[in-house]
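Note that this note's numbering has the sequence shown beginning at 50, numbered continuously upward. A virtual CB, placed ideally from N, CA and C, is assigned to each residue, including glycine.
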Amino acid sequence: MVLLEKMKLHTVASGNYVTSVHGMLHPDRILKEHDFLYILDGTWEIREDGVIYQLHSDDLLILAAGRHHYGLKMCNPGNRHMYIHVLPTRAEEQYNPSHTTTDDLPGTENELFSYSSLLHCQQAPRVRQYIQDMISVLWSQSIERENRLSLLFSLLLCELSQLEAQKNSRKPSDPMIEEIIRLIHSTPQTFFSASEIASRYYICERTLNNRFHKNCGKTFPAFQMETRLEMVRQFLLAQPDTKLREAAINYGFCDEFHLSKAFKRQFGLSPSRYRQIHG
50 MVLLEKMKLH TVASGNYVTS VHGMLHPDRI LKEHDFLYIL DGTWEIREDG VIYQLHSDDL
110 LILAAGRHHY GLKMCNPGNR HMYIHVLPTR AEEQYNPSHT TTDDLPGTEN ELFSYSSLLH
170 CQQAPRVRQY IQDMISVLWS QSIERENRLS LLFSLLLCEL SQLEAQKNSR KPSDPMIEEI
230 IRLIHSTPQT FFSASEIASR YYICERTLNN RFHKNCGKTF PAFQMETRLE MVRQFLLAQP
290 DTKLREAAIN YGFCDEFHLS KAFKRQFGLS PSRYRQIHG
């Protein structure tokens with residue numbers, strides 16, 4: 050377990066990609082930085098203070114600053130991995146070497162968050178992307194380099210927190226459903242049919258609806274309609290002088306009549322009445 054401060058300023062000190070043509074041992078060392086090691090392709094056995102971690106492709110190992118980590122077995126030939134080294138905050142530096150939980154740390158529950166040392170990120174592609182983005186920024190000449198790195202690291206910790214929450218709830222995320230949800234959000238003017246989306250992802254409509262119900266508690270059509278109407282609700286409040294016809298066009302409804310009918314069914318009020326009360 051590693052304790053990290055989420056949404057705090059962190060300094061990303063270094064990062065790189067490594068390809069081991071013939072295989073290699075993990076260095077025997079104690080770093081002053083946190084070591085975030087992500088396996089792109091291959092396997093590796095790494096130890097930290099006597100605990101053995103078996104890593105496979107798309108696994109992330111967080112080796113806390115101040116702890117002893119090393120390897121006794123070489124990684125596979127052709128192993129590809131990447132890493133970032135991040136300086137610990139004062140709280141992280143104080144508590145990580147000698148503690149594994151925050152139970153006996155008064156006053157830290159709102160500052161330090163517990164993360165598993167080994168995280169399986171096969172269903173969390175953003176973890177990989179954020180680390181790749183940080184390495185890219187590290188090698189850039191951007192005048193906003195340090196700010197970008199700190200923001201990206203905060204995003205990484207948010208993603209890891211979500212991964213931990215999903216693991217604890219025993220409800221794995223569904224990358225396909227997440228991608229479809231992003232599509233709905235990014236193309237508000239288009240209503241997709243279930244058959245259209247199912248064909249795009251090479252599944253049947255029944256499977257699409259079952260997977261949506263498992264992850265969102267409702268079928269794809271119901272989720273899409275509720276999402277569109279929530280977007281309309283926010284739009285009407287943010288644009289109080291815009292006609293309902295414009296809202297209908299912007300969010301994929303045939304006309305203002307169909308939008309008004311669906312809106313009242315969802316929120317119990319007509320759009321105009323809703324604006325009067327909540328505007």
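Which value, in whole angstroms, describes the spacing of the CA atoms of residue 268 and residue 281?
Residue numbering aside, residue 268 sits at position 219 when the sequence shown is read from its first letter. Residue numbering aside, residue 281 sits at position 232 when the sequence shown is read from its first letter. Spanning the two alpha carbons is a distance of roughly 20 angstroms.
Looking at the secondary structure, which residues open and close the beta strand (DSSP E) in which residue 110 lies?
Here residue 110 refers to the residue found at position 61 when the sequence shown is read from its first residue. Note, residue 110: beta strand (DSSP E), 108 to 112.
Do you know offhand how far residue 266's Cα is from residue 240's?
As a working note, residue 266 is residue 217 in the sequence shown. As a working note, residue 240 is residue 191 in the sequence shown. Spanning the two alpha carbons is a distance of roughly 20 angstroms.
Is it buried or exposed, residue 137, if we count other Cβ atoms within 10 angstroms and call 16 or more buried?
Sequence index remark: in the sequence shown, residue 137 carries index 88 (1-based). By the neighbour-count rule (16 or more Cβ atoms within 10 Å), residue 137 is buried.
Answer with buried or exposed for residue 273, where buried requires no fewer than 16 other C-beta atoms within 10 angstroms of its C-beta.
On the sequence shown, residue 273 is found 224 positions in, with the first residue counted as 1. Under this definition residue 273 is a buried residue.
Run the CB neighbour count on residue 128, radius 10 Å, all protein chains shown included, and call it buried at 16 or more, exposed below.
The residue given as residue 128 occupies position 79 in the sequence shown. The residue is buried, with at least 16 neighbouring Cβ atoms inside 10 Å.
Roughly how many whole angstroms lie between the Cα atoms of residue 87 and residue 263?
Looking up residue 87 in the sequence shown gives position 38. Looking up residue 263 in the sequence shown gives position 214. When rounded, the distance between both Cα atoms is 30 angstroms.
In the DSSP output, what is residue 95 paired with across the bridge?
The residue labelled residue 95 in the question sits at position 46 within the sequence shown. Partner(s): 102.
Taking the alpha helix (DSSP H) that residue 144 belongs to, which residues open and close that run?
For the purposes of this step, residue 144 is taken as the residue at position 95 of the sequence shown. First-last of the alpha helix (DSSP H) with residue 144: 139 to 144.
Classify residue 246: buried if its beta carbon has 16 or more other beta carbons within 10 angstroms, exposed otherwise.
One-based indexing of the sequence shown puts residue 246 at position 197. So residue 246 ends up on the buried side.
Of all the beta strand (DSSP E) runs that stay within the bounds of the segment 150 to 202, which reach a length of 3 or more residues?
161 to 164 and 167 to 169
Is residue 251 buried or exposed, if buried means 16 or more other CB atoms sit within 10 Å of its CB?
Looking up residue 251 in the sequence shown gives position 202. Exposed is the call here.
Put residue 332 into one of helix, strand or coil per three-state DSSP.
Nothing can be reported for residue 332, as the shown portion of the chain is limited to 50 through 328.
According to DSSP, simplified to helix, strand and coil, what is residue 309?
As a working mapping, residue 309 is identified with position 260 in the sequence shown. Reduced to three states, the DSSP call for residue 309 is helix.
Residue 30 by DSSP, collapsed to three states: which one?
Because the chain is modelled from 50 through 328, residue 30 falls outside the range shown and cannot be assessed.
What is the rounded straight-line gap between the Cα of residue 292 and the Cα of residue 286?
Stepping through the sequence shown from its first residue, residue 292 is reached at position 243. Stepping through the sequence shown from its first residue, residue 286 is reached at position 237. Distance between the alpha carbons of residue 292 and residue 286 is about 12 angstroms.
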